[in-house]
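> In the numbering used here, the protein residues as written are 2 to 213. Every residue gets a Cβ at the ideal spot worked out from N, C-alpha and C, and that includes glycine. Keep in mind the model is a prediction, meaning the values are calculated, not measured.
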């Protein structure tokens, strides 16, 4: 159980490392307060999705719920993989694309930030403010929300999983910020962006066959 919680938290938060690297490369600063807000968004997304999932799972037999949860993890992981592969093929955002990112609202803005994390610096100040941190944290939590719903169907505990996700999100984003200027140009490191999706898919397959 503890291993499952740790793996899910890691998989749901690894995008933060890539975001931190992008910010480190562009010298975009993230304050401790902004980091805490981003972590809180991640934890809240996992807790909310697992609470909803925990309510819904009551209406299904345990075995059916377990397999459905496993399929959800595979689906979320597959979506994350497709997103990262697509992002890797795109050239860096043009100024017109950045302007469009600033004008976008709601879910559209979240998806643009997920595609290009530097767009979260709306005022181009070189620092992520509290308001920008909420947008960034919400964007980074999209994968976590879907994974949390599936985790609830697998019977994982909501509070420990949410707390682990919040901590992992903060730690990985901070590590990415520190490593960004050094590692971002190394192709083999940039390929690690597919790890979150791979981990979620592997977890789903693992759980499908009834592993702890």
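1) Within its chain, find whatever has a CB closer than 7 angstroms to the CB of residue 204; leave out the 5 residues flanking it on each side and keep chain order.
2) Given this structure, state the Cα-to-Cα distance separating residue 92 from residue 157, to the nearest angstrom.
3) Are residue 160 and residue 136 close, meaning C-beta to C-beta below 8 angstroms?
4) Pull up the CB-CB distance for residue 19 and residue 151, whole angstroms please, since I reckon it's below 8 angstroms.
5) Which residues does DSSP pair with residue 228 in a beta bridge?
6) Which residues bound the alpha helix (DSSP H) around residue 147?
7) Between which two residues does the alpha helix (DSSP H) holding residue 58 run?
Put simply:
1) Within the chain shown, numbered from 1, the residue matching residue 204 stands at position 203. Excluding residues within five positions, the ones whose Cβ falls inside 7 angstroms are 8, 9, 12 and 74.
2) Position 91 of the chain shown, counted from the start, is the residue given in the question as residue 92. Position 156 of the chain shown, counted from the start, is the residue given in the question as residue 157. Residue placement at residue 92 is poorly supported in this model, since its pLDDT is 42, which falls under 50; the coordinates are not used for a value here.
3) Numbered from its first residue, the chain shown carries residue 160 at position 159. Numbered from its first residue, the chain shown carries residue 136 at position 135. Result no, Cβ atoms of residue 160 and residue 136 do not sit closer than 8 angstroms.
4) The residue given as residue 19 occupies position 18 in the chain shown. The residue given as residue 151 occupies position 150 in the chain shown. Between the beta-carbon of residue 19 and that of residue 151 there is about 22 angstroms, and that puts the pair past the 8 angstroms contact cut.
5) No answer is possible for residue 228: it lies beyond the span of the chain, which begins at 2 and ends at 213.
6) For the purposes of this step, residue 147 is taken as residue 146 along the chain shown, with counting starting at 1. Going by DSSP, residue 147 is part of the alpha helix (DSSP H) stretching over 143-154.
7) Counting from 1 along the chain shown, the entry for residue 58 is found at position 57. It is not in any alpha helix (DSSP H) - residue 58 carries neither H nor E in the DSSP assignment.
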